[in-house]
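Shown next, in structure tokens, is the structure this report addresses.
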Amino acid sequence: MANDYDDLRQIKDQTQEDFATEIDYAYQTRRGLGEDIVREVSAVKGEPQWMLDFRLKALDTFMKMPMPTWGVDLGLLDFEEFYYFMRSTERKARNWEEVPDAIKDTFERLGIPEAERRFLAGVETQMDSESVYSSLKEEWQRHGIIFVDMDTAVREYPDLVREHISTIVPIGDNKFAALNSAFWSGGSFVYVPKGVDVEIPLQAYFRINAQNLGQFERTIIIADEGSNVHYIEGCTAPQYSTWALHTGVIEILVKKGAHARYTTIQNWSRNVYNLVTQRAVVEEDGSMAWVDGNLGSGITMKYPAVVLRGPRARGEVLSIAFAGDGQHYDAGAKAIHLAPHTTSLITSKSISKGLGRSGFRGMVRVVPGAVGAQSKVACDALLLDPESRSDTYPYIDVSEDEAQIEHEATVSKISEDQLFYLMSRGLSEKEASAMIVNGFLEPFVKELPMEYAVELNRLIALQMEGSVG
Amino acid sequence: MEQTLAQTLEIRDLHVRVEGKEILKGVTLTVRPGETHALMGPNGSGKSTLSYTLMGHPKYEIVGGEVLLNGESLLALSPDERARRGLFLAMQYPVSVPGVTLYTFLRAAASAMRGYGEAARRSGDQRLHAHLIPAREFRQEVNAEIGKLKMDQAFLNRYLNEGFSGGEKKRAEILQMALLKPRIAILDETDSGLDIDALRIVSEGVNRLQAELGMGLLVITHYQRLLNYIRPEHVHIFYNGRVVHSAGPELVEKLEAQGYDWVQAEFGV
Ligand SMILES: Nc1ncnc2c1ncn2[C@@H]1O[C@H](COP(=O)(O)OP(=O)(O)OP(=O)(O)O)[C@@H](O)[C@H]1O
Ligand SMILES: [Mg+2]
Numbered sequence: 152m153a154n155d156y157d158d159l160r161q162i163k164d165q166t167q168e169d170f171a172t173e174i175d176y177a178y179q180t181r182r183g184l185g186e187d188i189v190r191e192v193s194a195v196k197g198e199p200q201w202m203l204d205f206r207l208k209a210l211d212t213f214m215k216m217p218m219p220t221w222g223v224d225l226g227l228l229d230f231e232e233f234y235y236f237m238r239s240t241e242r243k244a245r246n247w248e249e250v251p252d253a254i255k256d257t258f259e260r261l262g263i264p265e266a267e268r269r270f271l272a273g274v275e276t277q278m279d280s281e282s283v284y285s286s287l288k289e290e291w292q293r294h295g296i297i298f299v300d301m302d303t304a305v306r307e308y309p310d311l312v313r314e315h316i317s318t319i320v321p322i323g324d325n326k327f328a329a330l331n332s333a334f335w336s337g338g339s340f341v342y343v344p345k346g347v348d349v350e351i352p353l354q355a356y357f358r359i360n361a362q363n364l365g366q367f368e369r370t371i372i373i374a375d376e377g378s379n380v381h382y383i384e385g386c387t388a389p390q391y392s393t394w395a396l397h398t399g400v401i402e403i404l405v406k407k408g409a410h411a412r413y414t415t416i417q418n419w420s421r422n423v424y425n426l427v428t429q430r431a432v433v434e435e436d437g438s439m440a441w442v443d444g445n446l447g448s449g450i451t452m453k454y455p456a457v458v459l460r461g462p463r464a465r466g467e468v469l470s471i472a473f474a475g476d477g478q479h480y481d482a483g484a485k486a487i488h489l490a491p492h493t494t495s496l497i498t499s500k501s502i503s504k505g506l507g508r509s510g511f512r513g514m515v516r517v518v519p520g521a522v523g524a525q526s527k528v529a530c531d532a533l534l535l536d537p538e539s540r541s542d543t544y545p546y547i548d549v550s551e552d553e554a555q556i557e558h559e560a561t562v563s564k565i566s567e568d569q570l571f572y573l574m575s576r577g578l579s580e581k582e583a584s585a586m587i588v589n590g591f592l593e594p595f596v597k598e599l600p601m602e603y604a605v606e607l608n609r610l611i612a613l614q615m616e617g618s619v620g
Numbered sequence: 026m027e028q029t030l031a032q033t034l035e036i037r038d039l040h041v042r043v044e045g046k047e048i049l050k051g052v053t054l055t056v057r058p059g060e061t062h063a064l065m066g067p068n069g070s071g072k073s074t075l076s077y078t079l080m081g082h083p084k085y086e087i088v089g090g091e092v093l094l095n096g097e098s099l100l101a102l103s104p105d106e107r108a109r110r111g112l113f114l115a116m117q118y119p120v121s122v123p124g125v126t127l128y129t130f131l132r133a134a135a136s137a138m139r140g141y142g143e144a145a146r147r148s149g150d151q152r153l154h155a156h157l158i159p160a161r162e163f164r165q166e167v168n169a170e171i172g173k174l175k176m177d178q179a180f181l182n183r184y185l186n187e188g189f190s191g192g193e194k195k196r197a198e199i200l201q202m203a204l205l206k207p208r209i210a211i212l213d214e215t216d217s218g219l220d221i222d223a224l225r226i227v228s229e230g231v232n233r234l235q236a237e238l239g240m241g242l243l244v245i246t247h248y249q250r251l252l253n254y255i256r257p258e259h260v261h262i263f264y265n266g267r268v269v270h271s272a273g274p275e276l277v278e279k280l281e282a283q284g285y286d287w288v289q290a291e292f293g294v
């Protein structure tokens, strides 16, 4: 239901104060990658030996792995072109004048408060709302919930990190996971103790700083038995980045009877390659949901996965992608059924506009013995222009007779009759198309917290006008 | 948007082709402010084609003639521009729009018609909802209208026309009309699908709006029962793509009693 949320925003705006950072010195490695860089990064962060070893091993793996030759065109990607580590204060050096007008204009039209605009554009490195954050922090501590950035986790909870890192996404899972393991910086570490229900979603937003928006975010979430947690990463507003390569790894362990949900809305600027590995392992009676919105970046490869390891485990992947001119998404979802009576539901909605292109790979695997496994894959594509493109690639590998797999795919266009109907009530063609598109995305949007939902609808309208920077 | 209160709709020798075939073959008809015209004719004679054409559906190709609203040609205007000039069409078969609630749609449409988007753009108001009628105000207005039409408020949360019964769709069309306050309304078989009580409630709604707005009405129907409530001063027989005969309300009874066979003989069409 539409509802005004302006007031909420204003309150949030007023409580925003800068939050002093402990790390206050500038640091930047040379351009390109190599063992020297890995050692430098680890030394600057003051990491223990085991983490340095982890990084070095990952670099070695990365060097040996070939580039993926499927999905998207990575031919222009030159690893020597990038910086692999930069301290937050470096980014602060950028000033507001350097931010492209198109991005500023979008902030303006989305009604993003001033303080947030500067942060999102990378001009400010902090935007924590200390008062909101600290009261929540006390609450979390009282329940034994750990919610810190990964660097802090390595320092303060080394055993937990060491026990879990790369157990769900192995270093050599894919070339970009290896790259992330060698150079990771930023990301969150979350641990929710047995039986604890985290009522308010944990938002990276609360404790975000420039590093978390960095190129190699690493996030680990552990939902211990019977717990319940919702983690939200990213925001709907466009994030301007001069870093052209973003390679994140997110690992989630959902233990017996626990429920976890990870919501992300990605809206990087168009110069960005976004290559992310997201995977969750779900134990007996647990459930995991990936809610994944993709609006920005130029080239994206992303296939959130659920590995259903215990009986009756459930996994859900709900994703949307909006590919405008010059954007190419190769997205998808994987469900791997390793135990009896596991269920998965994969729903994908993609919109392609102009020359935008979106591809969806839906992969379902059921191993022998996973009796009674059920999976449903539904992907709907909406093409806004004659030259837009969408492809669906189902990969279904079922080795268990007693499994039930459904797959359906639809491709549609905005219907002339729907447009006419809405326009006959006074909506312009753009407003009418945006409304139809928002309706198409509604099954996704209604899973979002309200403030994200409202912003997303507005953003889609802007994207429909082709005016998002 | 400033609207002249009363509007006259003038259709002159209109010829329209659909997929290469001429369906309207010279329609001429004038609806003045406050007047009620009934348009009756056999299935497939082109009544809906006329109503879609008037509203500007892109599928209908105009090959001749003119449509004027207060002397200004509508033919080059898009459907939304026609709507903003005061034209409304209650459709025979309203389409559904999945994922868009009736409330969201009504608020957006009413806001667009009342110039909220324009105003926000002009004043540079960037707030998230600046282009919409304030939620509280609109909620009240909708609740009042929905009450008059004896509709259930739960409809507001349903997706537009999706899974609505035939009669529910027709009521929703009239709800839209009540909120958008047109000057000229075309009702294309609004009575079909309505039960006996609904027919009365909807008709009363239409009459009330007509009295309030001085609206001109073009009512397309097959049956007298609607015209017992919404009383036309002019009745037209539509046959094979044009108006072949016009008379007063007494014509309705003749049609009801005799059907259309005599039309061919008498008017040689
Ligand atoms: N898109 C189309 N393609 C082909 N023929 C069409 C199309 N739309 C309308 N027609 C034809 O035009 C003629 C007029 O149709 P129209 O719907 O206007 O009739 P009507 O008078 O409203 O009939 P009814 O009383 O059944 O509602 C019919 O023969 C119909 O089949
Ligand atoms: Mg008809």
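In order, the protein sequence lines correspond to chains S and B. Residue numbers for the first sequence follow the numbering used here, so the first one is 152 and each next one is one higher. Residue numbers for the second sequence follow the numbering used here, so the first one is 26 and each next one is one higher. By construction, the Cβ of each residue, glycine as well, lies at the ideal position given by its N, Cα and C atoms. Fair warning: this is a prediction, and the values are worked out from it, not measured in the lab.
Query	Result
Per DSSP, cross-strand counterpart(s) of residue 86 (chain B)	B:42
Meets three-Cβ-pair contact criterion under 8 Å: the stretch 336-343 of chain S and the stretch 207-224 of chain S	no
Own chain partners of residue 198 (chain S) with C-beta closer than 7 Å, once the 5 adjacent residues on each side are dropped	305
Bounding residues of the beta strand (DSSP E) (the contiguous stretch that carries residue 621 (chain S))	This structure gives no information on residue 621 (chain S), because the portion of chain S shown stretches from 152 to 620.
C-beta atoms of residue 104 (chain B) and residue 138 (chain B) nearer than 8 Å	no
Three-state secondary structure assigned by DSSP to residue 309 (chain S)	helix
Distance between residue 49 (chain B) and residue 264 (chain B) (C-alpha atoms, nearest Å)	10 Å
heavy atom of ligand 2 below 7 Å from residue 73 (chain B) C-beta	yes
Pair within 8 Å by beta-carbon distance, residue 236 (chain S) and residue 297 (chain S)	no
Residue 213 (chain B) beta carbon near ligand 2 (any heavy atom closer than 7 Å)	yes
Cβ pair residue 509 (chain S), residue 480 (chain S) closer than 8 Å	yes
Inter-residue Cα distance where the pair is residue 444 (chain S) and residue 213 (chain B)	42 Å
Expected contact under 8 Å - CB spacing of residue 332 (chain B) and residue 186 (chain B) to nearest Å	For residue 332 (chain B) there is no data in the structure shown, the boundaries of chain B being 26 and 294.
Residue 277 (chain B) classed as buried or exposed, judged by whether at least 16 other C-beta atoms fall within 10 angstroms	buried
Residue 84 (chain B): contacting residues in chain S (beta-carbon distance under 9 Å)	567, 568, 571
Residue 117 (chain B) CB to nearest heavy atom of ligand 1 below 7 Å	yes
Beta-carbon neighbours of residue 574 (chain S), restricted to chain B and to distances below 7 Å	103, 104, 105
Beta-bridge partners of residue 512 (chain S), as assigned by DSSP	S:483, S:544
Residue from B:96, B:273, B:167 whose Cα sits closest to the Cα of residue 36 (chain B)	B:96
DSSP three-state assignment for residue 286 (chain B), whether helix, strand or coil	helix
Cutoff 8 Å: residue 44 (chain B) Cβ touching any chain S Cβ	no
Straight-line Cα distance separating residue 430 (chain S) from residue 489 (chain S)	15 Å
Distance between residue 187 (chain S) and residue 395 (chain S) (C-alpha atoms, nearest Å)	22 Å
Helix, strand or coil at residue 218 (chain B) [DSSP, three-state]	coil
Closer than 7 Å: residue 269 (chain B) CB and nearest ligand 1 heavy atom	no
Segment contact flag, the stretch 194-202 of chain B with the stretch 551-571 of chain S, C-beta cutoff 8 Å, min 3 pairs	no
Partner residues on chain S for residue 114 (chain B), Cβ-Cβ distance less than 9 Å	575
Beta-ladder partner(s) of residue 253 (chain B), from DSSP	Looking at the DSSP assignment, residue 253 (chain B) forms no beta bridge with any residue, so it has no partner.
Reduced DSSP category for residue 198 (chain S) - H, G, I as helix; E, B as strand; rest coil	coil
Close beta carbons around residue 53 (chain B), own chain, < 7 Å, minus the five adjacent residues each side	36, 37, 38, 268
Contact test: residue 70 (chain B) Cβ vs ligand 1 heavy atom, cutoff 7 Å	yes
CB contact check: residue 601 (chain S) to chain B, cutoff 8 Å	no
Simplified DSSP assignment, three categories, for residue 55 (chain B)	strand
Proximal residues of chain B, C-beta to C-beta of residue 578 (chain S) below 8 Å	105, 133, 134, 137
Where residue 227 (chain S) sits in the DSSP three-state scheme	coil
Members of the stretch 191-217 of chain B near chain S, C-beta cut-off 8 Å	201, 205
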